[in-house]
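*Asks:* Protein chains in written order, with the UniProt record's numbering: chain A, 1 to 316; chain B, 1 to 787. What follows is a structure written as structure tokens; I'll ask about it next.
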């Protein structure tokens, strides 16, 4: 936020990016290393039975035993910090990250190809979501957002925020494309699109801080979590939001729902919050090691898999 | 001509023996006065191989990089944890005591109680930084509420593992040292500081409830100095044993003390000279005076041997002393020259410590010429012995020589062949076994101290509980001026750190890139999604400017960037692997105007030392052997002599290497000199025995009976000398210092093996060579070696 001014000029100058395939890239392929599973991990998802996780140095981790052991993907065309993952089935998925990179896999994450990059200034993407094999969205720093209608062959700029200020950071994207799509953003903002991304409305919650992640639960209700332990939920498709006490001041980084319906929120300083009543109340736990948790996924037997700055963290 | 010179010298010296001895006495008094001012001193720089690539990097950046010269004091309550009023109060007291120790940089002292520790919070409004323990909290007002508040802030501030043990069981105080003192310009006295830490920190605050753990270079040096003074006891024991042994050998207290006093005189001169040269007695070099003393004993025994023989032959003690002087001057000088040459070759090792050791040892050996070859016979000429004593001495020698006849059977041709074959077998065994010898130290902690030494226990305890890297290697990345906004450069440094982190032995990597990531997150609400080096150059430049901790990680304008690789340990194999990985990376990731320079940090220094030791050992050994071969050839003008003397020596050297491997003794600054010195001392044995052999061969005896006689005459003296020296050095195995124990073990082994080789392999080789290549002419009596 301190550097916002610096970026505005840059951001404006760079709106022309998008809609072209990568010809020459500065991205270097990720290097195979001995301890890939110790790289900082920022996102995890399931591709069928496989657990896929992404993070720094272009590290993509794969687990075929429900998260017990991880190995490094064969080819990843970037060393950038990867921040987000979206799989539409057990084969096809996308990952987004810094340098505006989006990479694509059709073999459950074994090999990846580079679909785009954006090197004009700092253009990180923080979240990516595909509704189907064709339609996808990615959002990032200073209101930066892109979309595709052809599975990522072409990406075009997307404006989510309207009004006087249009450069709030966009940290999360979630929802169900058939009803509505949501973006969680800076300064307590949530954005909603009921027409598959065509038009967006801005919703200001009572949260002064940022939302870092969000999730549509199985019952259709919405949950956003973020800075300083704030959790808000909505049962009316995002029209109104109410705060849920979290019992922590630690910032919350990710939220997942297990198949038994339990909601798990993870955060910094080893914070985990569990809700057994679909996000209405949470019970807090702090790991003794205070390891910052940055991502969560659901492994075999509904086990919660945790990831953090030191990579894969023992499932607990 | 030479003989005439010796005669004239003998005339002169013995004619003025009172004056000469008086001059020596005056010199001794002067040197004793000078020597009394000699202090044990240790310096960090002396251990560094000057000129080595890594040391050049170390020197170029030593003032800017993370301070190797820091200490950590840990307050560890023996029961419970740190979170109670008593423990926190102790922590405050220790913090204050440490702050006021001379040599400690006061502003650098860091603990929970120091005002330079803040907790930074990122709130919706931005940053909020408060001192960890608020200035209003006094040690008397530590209520459980206040303590739990402090505890929470420690966790929030990220100081768990840094200032407080990960499990809360201890708290740490860190401080860096000022060397030299900025006010006086005096170099820091590490030993004094080490003692002050022991007395004023540990001594004052450690009790039944609190344990104080101290780590850091200053403490190691202090502990080494203490351990080294313990060696005085071993020297005293060795001295006593030597006196008894010499008496047993000669059965005359007068001769015994004359000899011991002559040996001691050399030491006094040596200490005096060292102080005059401005040198201190380094803990590592403490072996030298003892070795010089030992050499004195071994040559002194030859003098006594000679005199006894002469007195038994009917000469007066005065005449016997004169004959001994003339008889032994040349061979003695030759033997000592050989030793001297082998000592001097150590000057070739570009490590000042070893050079100093070489110079000190050489001076000692040079003095030995005066004290043993001139002073001892002069002093002995004053003593009177009875005919009866001399007759009994001769008898004793003959009796002792009896069992030498058993060994002398080796000289019988069939046995000689068998013995030669066996020796060669042993040789190949030793060569095989000694392959893959380890360079450097093998144990964790300070390699100079024993594994169970307090310092090493403390190190392990602290390393277990805190995220502290005791061993690290710093790579300096040099870049063009104004590179703080160079995105590709910082990203390269980031990738370098990451790839190195995946090298076995590397625990973590710290660099401007890792700091940039932290700050990028911090400047953006603390969100982990920003944990990378930004693509935008201006942003990067701004972040680096913000990062205050970057002082030791980058130069002005990012002209250089440091990458600290924290290692699991400092074993030579670990460091070697990391260094190679760095070299591979810098070859495969070249960037215009950017240079990856190895290496600073304790592991960088160790890497350089290991490389230097490894590379200089072979050439040095070759020079030593070259010198010996040349001297033996000059003395005997016979290549058979050359082979017969040098082969057993070579076998002994390789057995020494095998012994090192077997005992887990690495090649270090301490053990390299031992191997070189033992060759120099070992060749003496060969000289004595081969010399007598030549005499008998020249007298027309055949090789077998020549050897029987030679072994009878000098074999006992050789065995006696080796045993005496071995027993003396063996006491070092009990030293508190690991390197002294290693040196002691190795030296004991080398003395014994050299002796055994000289009385078994040497005769066997000589006989076999004689059979294979019979001499055409009669054996020349080398006038030089007439003793």
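The beta carbon of each residue, even a glycine, is placed where N, CA and C say it ideally should be. Computed from a prediction, not measured in an experiment: that's the story for all the values here.
#1: Going along chain B in order, which residues have a C-beta closer than 8 Å to the C-beta of residue 56 of chain A?
#2: Can you give the Cα-Cα distance for residue 64 of chain A and residue 506 of chain B, rounded to whole angstroms?
#3: Find out if the Cβ-Cβ distance for the pair residue 357 of chain B, residue 294 of chain B is shorter than 8 Å.
#4: With DSSP as the reference, please indicate the residues paired to residue 478 of chain B in a beta bridge.
#5: If you draw a straight line from the C-alpha of residue 21 of chain A to the C-alpha of residue 156 of chain A, how long is it?
#6: Could you please give me the residues that DSSP links to residue 180 of chain A through a beta bridge?
#7: Going by beta carbon distance, what residues of the same chain come within less than 7 Å of residue 727 of chain B, once the five residues before and after it are set aside?
#8: Could you spell out the range, first to last residue, of the beta strand (DSSP E) harbouring residue 284 of chain A?
#9: Can you give, in chain order, each stretch of the alpha helix (DSSP H) that sits fully within the stretch 13-40 of chain B and has at least 4 residues?
#10: Could you tell me the boundaries of the beta strand (DSSP E) in which residue 233 of chain A lies?
#11: Tell me the DSSP secondary structure of residue 330 of chain B in three-state form.
#12: Going by Cα to Cα distance, which pick from A:301, A:188, A:308 and A:261 is closest to residue 271 of chain A?
#13: Are the CB atoms of residue 292 of chain A and residue 264 of chain A within a distance shorter than 8 Å?
#14: Under DSSP, the beta strand (DSSP E) around residue 323 of chain A begins and ends at which residues?
#15: Should residue 16 of chain A go down as buried or exposed, given a rule of 16 or more other Cβ atoms within 10 Å for buried?
#16: Check whether the stretch 698-707 of chain B touches the stretch 641-652 of chain B, taking contact to mean three or more Cβ pairs, one atom from each stretch, closer than 8 Å.
#17: Between the stretch 74-100 of chain B and chain A, which residues of the former have CB atoms less than 7 Å from a CB of the latter, in chain order?
#18: Tell me, please, whether the CB atom of residue 150 of chain B is closer than 8 Å to any CB atom in chain A?
#19: For residue 317 of chain A and residue 193 of chain A, I'd like the C-alpha separation in whole angstroms.
#20: Indicate whether residue 24 of chain B and residue 375 of chain B have their beta-carbon atoms separated by less than 8 Å.
#21: Output, in chain order, the set of chain B residues within a Cβ distance shorter than 8 Å of residue 171 of chain A.
#22: Going residue by residue through the stretch 505-593 of chain B, where are the continuous beta strand (DSSP E) segments of at least 3 residues, counting only ones entirely within it?
#23: Can you say whether residue 244 of chain B is buried or exposed, counting buried as having 16 or more other CB atoms within 10 angstroms of its CB?
#24: When the distance is taken between beta carbons, is residue 171 of chain B closer than 8 Å to residue 92 of chain B?
#25: So the alpha helix (DSSP H) residue 270 of chain B belongs to, where does it begin and stop?
#26: Alpha carbon to alpha carbon, what distance is there between residue 616 of chain B and residue 348 of chain B?
#27: What number of angstroms, rounded off, separates the C-alpha of residue 110 of chain A from the C-alpha of residue 95 of chain A?
#28: I'd like to know if residue 495 of chain B contacts chain A, where contact means its C-beta is closer than 8 Å to some C-beta of that chain.
#29: Within 10 angstroms of its Cβ, does residue 436 of chain B collect 16 or more other Cβ (buried), or is it exposed?
#30: Could you check what DSSP says for residue 176 of chain B in three-state terms: helix, strand or coil?
#31: Skipping 5 residues on each side, what residues in its chain have a beta carbon closer than 6 Å to that of residue 312 of chain A?
#32: Strictly under 8 Å for the Cβ-Cβ distance: is residue 642 of chain B near chain A by that measure?
#33: For residue 226 of chain A, which option in A:237, A:150, A:208 and A:239 has the closest C-alpha, if you only look at C-alpha atoms?
#34: Helix, strand or coil, according to DSSP, for residue 267 of chain A in the structure here?
#35: Comparing C-alpha positions only, which one of B:84, B:531 and B:296 sits nearest to residue 266 of chain B?
*Replies:* Answer, in terms of the structure:
#1: When 8 Å is used as the limit between beta carbons, residue 56 of chain A is near these residues of chain B: 498, 531 and 532, in chain order.
#2: So the alpha carbons of these two residues sit roughly 28 Å apart.
#3: Cβ distance not < 8 Å, so residue 357 of chain B and residue 294 of chain B don't count as in contact.
#4: DSSP, once it has assigned bridges, lists B:560 and B:595 as partnering residue 478 of chain B.
#5: Model confidence at residue 21 of chain A stands at a pLDDT of 44, short of 50, so the residue's coordinates are unreliable; what they give is reported in the following sentence. The C-alpha of residue 21 of chain A lies about 11 Å from the C-alpha of residue 156 of chain A.
#6: For residue 180 of chain A, DSSP records a beta bridge to A:176.
#7: Contacts found: 241.
#8: Element bounds for residue 284 of chain A: 283-286.
#9: Complete alpha helix (DSSP H) runs here, min 4: 17-35.
#10: Residue 233 of chain A -> beta strand (DSSP E) spans 231-234.
#11: Correct three-state label for residue 330 of chain B: helix.
#12: Closest by C-alpha distance to residue 271 of chain A, out of A:301, A:188, A:308 and A:261, is A:308.
#13: No, Cβ-Cβ distance for residue 264 of chain A and residue 292 of chain A is not below 8 Å.
#14: Residue 323 of chain A cannot be examined here, being either before or after the span of chain A that is shown, 1 to 316.
#15: Confidence at residue 16 of chain A is low in this model, with a pLDDT of 36, below 50, so its placement is unreliable and no value can be given for it.
#16: The way I'd put it, the stretch 698-707 of chain B doesn't touch the stretch 641-652 of chain B; fewer than three beta-carbon pairs between them come closer than 8 Å.
#17: Taking 7 Å as the Cβ-Cβ cut-off, the stretch 74-100 of chain B has no residue approaching chain A.
#18: Chain A, which has no Cβ nearer than 8 Å to the Cβ of residue 150 of chain B, makes this no.
#19: Summary: the structure shown does not reach residue 317 of chain A, with chain A confined to residues 1 through 316, and so no result is reported for it.
#20: Their beta carbons are under 8 Å apart, which means residue 24 of chain B touches residue 375 of chain B by this criterion.
#21: Those are 527 and 529, listed as they occur along chain B.
#22: The qualifying runs are 506-511 and 560-567.
#23: Exposed.
#24: One thing to note: residue 92 of chain B has its Cβ no nearer than 8 Å to the Cβ of residue 171 of chain B.
#25: Residue range 253-276 is occupied by the alpha helix (DSSP H) that includes residue 270 of chain B.
#26: A straight-line Cα-Cα distance of about 8 Å links residue 348 of chain B and residue 616 of chain B.
#27: Using only the alpha carbons, I get a separation of about 13 Å.
#28: Interface criterion met: the Cβ of residue 495 of chain B is under 8 Å from a Cβ in chain A.
#29: Classification of residue 436 of chain B: exposed, given that the 10 Å Cβ count is below 16.
#30: Residue 176 of chain B: strand per DSSP, three-state reduction.
#31: Here the set comprises 37 and 70.
#32: False, the Cβ-Cβ gap to chain A never drops below 8 Å.
#33: Considering only alpha carbons, the answer is A:208.
#34: Residue 267 of chain A falls in the strand class under three-state DSSP.
#35: Closest by alpha carbon: B:296.
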